[in-house]
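Engineer: Count along the sequence shown from 1, add 1, and you get the number used in my numbering. Heads up, the beta-carbon is just placed ideally off N, CA and C, and yes, glycines get one too. Please read these numbers as outputs of a predicted model, since none were measured by experiment. I have a structure I would like to understand better, so I am pasting it below and will then ask my questions one at a time.
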Amino acid sequence: MEKFTGTLIVEQIRGRHGPFCVGLLQTSIGQFKVKDKELDQFEPGNYRGQFLVEEIFTKAVPWRGGTFTELLARIAEGGFLIDEEQQTGEDSLPTQAVQTEPDPVDEEAQQAVATPARKAAHTAPAARPPRGQAAQGSEPTEEEDLKLFGIELYELFVQRAARISLDPTVDRVQFRSQRERLKSVGYQFEATSQQWVMAAAAN
Numbered sequence: 002m003e004k005f006t007g008t009l010i011v012e013q014i015r016g017r018h019g020p021f022c023v024g025l026l027q028t029s030i031g032q033f034k035v036k037d038k039e040l041d042q043f044e045p046g047n048y049r050g051q052f053l054v055e056e057i058f059t060k061a062v063p064w065r066g067g068t069f070t071e072l073l074a075r076i077a078e079g080g081f082l083i084d085e086e087q088q089t090g091e092d093s094l095p096t097q098a099v100q101t102e103p104d105p106v107d108e109e110a111q112q113a114v115a116t117p118a119r120k121a122a123h124t125a126p127a128a129r130p131p132r133g134q135a136a137q138g139s140e141p142t143e144e145e146d147l148k149l150f151g152i153e154l155y156e157l158f159v160q161r162a163a164r165i166s167l168d169p170t171v172d173r174v175q176f177r178s179q180r181e182r183l184k185s186v187g188y189q190f191e192a193t194s195q196q197w198v199m200a201a202a203a204n
């Protein structure tokens, strides 16, 4: 694992499983695409800090009948150590990268299909909304919120705790649903602490 100081440029893309974020990590040794699950909490913008990188790897991406190679960095859990955030940064990801960006949910489902023994366990979350997610346009019930968050987070949620930290080990679809539910009641993501903060507490 290596620690890099740099700037993370985050952009949000609309996918069929909901909005997701991709990032471009700019460091002294180069720049790397970032697609970690925790990134889905961030707002678009530029984030300066230190980043704990578990792995750097390449990936071929189809583009207009051909392919190009991306260089990606996988950030360790809890490895986004943000010192400063600027949500109105002028920098952005290359147009090519945004236009060709597949939803990580679909990518993970495809990987699961390629591994038959793990197919059933990994494709189900991507194929339907997670348990506890309400139908679009309706207010979730207490039971649905409990299923969405789990008992510990649910207790913090119903109490409208000043700060809530999401568990990045849940599947991506559920993680995004938790994000949207927190936003719906007034929580905002604070990148420097990696926590969701009730708007009143953030002011």
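1) Looking at Arg49 and Thr8, is the spacing between their C-beta atoms short of 7 Å?
2) Roughly how many angstroms separate the alpha carbons of Gly31 and Gly79, rounded to a whole number?
3) Let me make sure I understand the geometry here. Which of Glu44, Ala77, Val171 has the alpha-carbon closest to that of Tyr188?
4) Pair every Cβ in the stretch 54–64 with every Cβ in the stretch 183–197, then say whether three or more of these pairs are closer than 8 Å.
5) Got a sec? Which residues, its chain only, sit under 6 Å from Val198 by beta carbon, not counting five neighbours each side?
6) Reducing DSSP to helix, strand and coil, say where Phe43 ends up.
7) Around the Cβ of Ile152, are there at least 16 other Cβ atoms within 10 angstroms (buried) or fewer (exposed)?
8) Taking the straight line between their C-alpha atoms, what separation do you get for Pro103 and Val159?
9) For my contact list, Glu181 and Gly19 are in at a C-beta cut-off of 8 Å; report their separation, rounded to the angstrom.
10) Less than 8 Å between the CB atoms is what I'm expecting for Phe81 and Gln195, so what's the real figure, rounded?
11) Quick one: what does DSSP say Arg65 is sitting in, helix, strand or coil?
Structural biologist: Reading from the atomic positions:
1) A contact, by the Cβ cut-off of 7 Å.
2) Each residue's alpha carbon lies about 22 Å from the other.
3) Considering only alpha carbons, the answer is Glu44.
4) The stretch 54–64 makes no contact with the stretch 183–197; the number of CB pairs closer than 8 Å stays below 3.
5) These residues qualify, in order along the chain: Arg164, Gln189, Glu191.
6) Three-state result, Phe43: coil.
7) Around the beta-carbon of Ile152, fewer than 16 other beta-carbon atoms lie within 10 Å, marking it exposed.
8) Using only the alpha carbons, I get a separation of about 34 Å.
9) Right, the Cβ-Cβ distance comes to about 7 Å (below 8 Å), so this counts as a contact.
10) With a Cβ gap of about 6 Å, Phe81 and Gln195 count as contacting.
11) Three-state DSSP puts Arg65 in coil, outside helix and strand.
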